[in-house]
Structures are given as C-alpha cells and as structure tokens.
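Going by the numbering used here, the sequence shown opens with residue 1, and the numbers climb by one from there. Positions of the beta carbon are idealized from the N, C-alpha and C atoms, including for glycine.
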Amino acid sequence: MSNVHQRLRIDQPACYRIMVQGRLGKTWAAMFEGVTVKIETRPVSPVTVLTGQVADQAALMGLLNQLYGFGFPLLSVECTPITNRLME
Numbered sequence: 001m002s003n004v005h006q007r008l009r010i011d012q013p014a015c016y017r018i019m020v021q022g023r024l025g026k027t028w029a030a031m032f033e034g035v036t037v038k039i040e041t042r043p044v045s046p047v048t049v050l051t052g053q054v055a056d057q058a059a060l061m062g063l064l065n066q067l068y069g070f071g072f073p074l075l076s077v078e079c080t081p082i083t084n085r086l087m088e
C-alpha cells in the first residue's frame, strides 16, 4: 500500500481536534452535531476536547465562532487524518 497524504482544501470535509479551556455542558455539546465532546481534567482547569469531521473550513469557522461566543478560550486546533475515504 502506498503512503498517501491528505491534501487539505477549504471546500472539502476534514477532521479536527479542537481544545478549549473550560467545561462545555451537555446542553451546549448537543449543538455540535457529529462532533464528539470529551472533558479532560487538568490541574488548573478542565479542558473540553471536540473531535470530528466538519463539512469544510467555513463550517470549522462557524464552530470556532460558537465556542468563542460561549466564552471558551481556544487552546488548539489540529487537523487529523480522515479515515474511510479516498484521499487525493
């Protein structure tokens, strides 16, 4: 099997791992369809980790804007490999 790398484009789906400071409640977490929400306990404060596929980078910006609107400081955004799909 050849080593294939994902070519990221702004108009295609991609998987992301987003970390924000604080605890995202279950009510708010339900707003992010298709995204897994996990709370990690840290010594200073909890961290919410959201992972999943978003439709495109416009959808990613919408998700980040919602988190900003809720008052969650952004810690990191990481693009992760998409599985079960042909990559360019």
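Alpha-carbon to alpha-carbon, residue j and residue i
{"i": "residue 47", "j": "residue 64", "result": "15 angstroms"}
{"i": "residue 58", "j": "residue 12", "result": "10 angstroms"}
{"i": "residue 70", "j": "residue 9", "result": "28 angstroms"}
{"i": "residue 78", "j": "residue 17", "result": "5 angstroms"}
{"i": "residue 82", "j": "residue 49", "result": "17 angstroms"}
{"i": "residue 80", "j": "residue 61", "result": "16 angstroms"}
{"i": "residue 39", "j": "residue 26", "result": "11 angstroms"}
Residues sharing a beta bridge with residue i, DSSP
{"i": "residue 18", "result": "50, 77"}
Cβ-Cβ separation, residue j to residue i (assumed contact under 8 angstroms), whole Å
{"i": "residue 24", "j": "residue 44", "result": "Not quite, the Cβ-Cβ distance comes to about 17 angstroms (not below 8 angstroms), so this is no contact."}
{"i": "residue 31", "j": "residue 53", "result": "Not really, about 16 angstroms apart at Cβ, beyond 8 angstroms."}
For residue i, the nearest candidate out of the options (CA to CA)
{"i": "residue 21", "options": "35, 41, 7, 31", "result": "41"}
{"i": "residue 73", "options": "35, 7, 19", "result": "19"}
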